[in-house]
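Since the structure comes first, as structure tokens, the remarks are kept for the end.
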Amino acid sequence: NAGVTQTPKFQVLKTGQSMTLQCAQDMNHNSMYWYRQDPGMGLRLIYYSASEGTTDKGEVPNGYNVSRLNKREFSLRLESAAPSQTSVYFCASSERGTGYRSGANVLTFGAGSRLTVL
Amino acid sequence: GDSVTQMEGPVTLSEEAFLTINCTYTATGYPSLFWYVQYPGEGLQLLLKATKADDKGSNKGFEATYRKETTSFHLEKGSVQVSDSAVYFCALRSGGSNYKLTFGKGTLLTVNP
């Protein structure tokens, strides 16, 4: 059981280049998330998808776009990379997005994608 | 808005020492509280959780009690091991937010033999 799989694990970009981070989960979860992790900042939510066909902005959405391709896959795109987007990106998923004691509380994370923008 | 404040790290302990990592929160409604752990080179994984006041979450020898009166959820372990070396994140999900987990900044724990 693979859980949440992210690709690529490492990527170096030049300023202005574009790229897409891929994420897939095999747990039949409804909700998926993209976070970034920066030193001293913890994790900050970029975008999330409560269910297939819906996406919403999180705390730090500027410079990013997302696509919920199907129930399994949720991609994050940087259209024009900037050095401020150098970070470690984590994809996560959870069972449901509603009900404050629901299974949505527990997120399963991927191993992360380290992105450097020069 | 929601926020989580964790004690600053890094924390360095000797094996078998007692561990406390403080966590306090501000939230609307009645939040659920979590501790996640991140081992080197890996993603975060759930360590324990508590969904209502006075609940105690526990796992792998770690414990945390949901204290509504002090808005705290401190992580404790009686005897740490080298394998506990990791970054620990306190997080909350408030009743008013269906989807968002709010994380603290993380505390790096290093346990020396």
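These protein sequences, in sequence, are chains P and R. Under this note's numbering, the first sequence has 73 at position 37, and the numbering climbs by one with no breaks. Under this note's numbering, the second sequence has 104 at position 99, and the numbering climbs by one with no breaks. Yeah, the Cβ is synthetic: ideal placement off N, Cα and C, and Gly gets one too.
Taking the Cα of R/N27 as reference, the smallest distance to any Cα among R/E47, R/K65, R/F39 and R/S19 is reached at R/F39. Chain R places no beta carbon closer than 7 Å to that of P/G89, leaving this residue out of the contacts. For R/Y44, same chain residues with a beta-carbon under 7 Å away, outside a window of 5 residues either side, are A91 in chain order.
The beta carbon of R/K61 does not come within 7 Å of any beta carbon belonging to chain P, so the residue lies off that interface. For P/R150, the uninterrupted beta strand (DSSP E) segment begins and ends at S149 to V153. When the Cα atoms are used, P/T43 and P/C59 turn out to be separated by approximately 7 Å. In the three-state reduction of the DSSP assignment, P/Q121 falls in the helix class. The count of Cβ pairs closer than 8 Å, one atom from the region 16 to 24 of chain R and one from the region 47 to 63 of chain R, stays below three, leaving the stretches out of contact. For R/M12, the closest of R/P118, R/K105, R/Y93 and R/T115 by C-alpha to C-alpha distance is R/Y93. Judged by DSSP secondary structure, P/N64 falls outside any beta strand (DSSP E); it is assigned neither H nor E. Straight-line measurement puts the Cα of P/A86 at about 8 Å from the Cα of P/D92.
In this structure the region 43 to 54 of chain P does not lie against the region 101 to 108 of chain P, because fewer than three pairs of beta carbons, one per stretch, are closer than 8 Å. A distance below 6 Å between beta-carbons, with the five flanking residues on each side excluded, links P/T152 to the following residues of its chain, in chain order: V48 and T122.
According to DSSP, R/E81 shares a beta bridge with R/T25 and R/E68.
When secondary structure is reduced to three states using DSSP, P/S87 falls in the coil class, being assigned neither helix nor strand. Bounds of the beta strand (DSSP E) holding R/S37 are S37 to Q43. The three-state reading of DSSP puts R/V87 in helix, counting H, G and I together.
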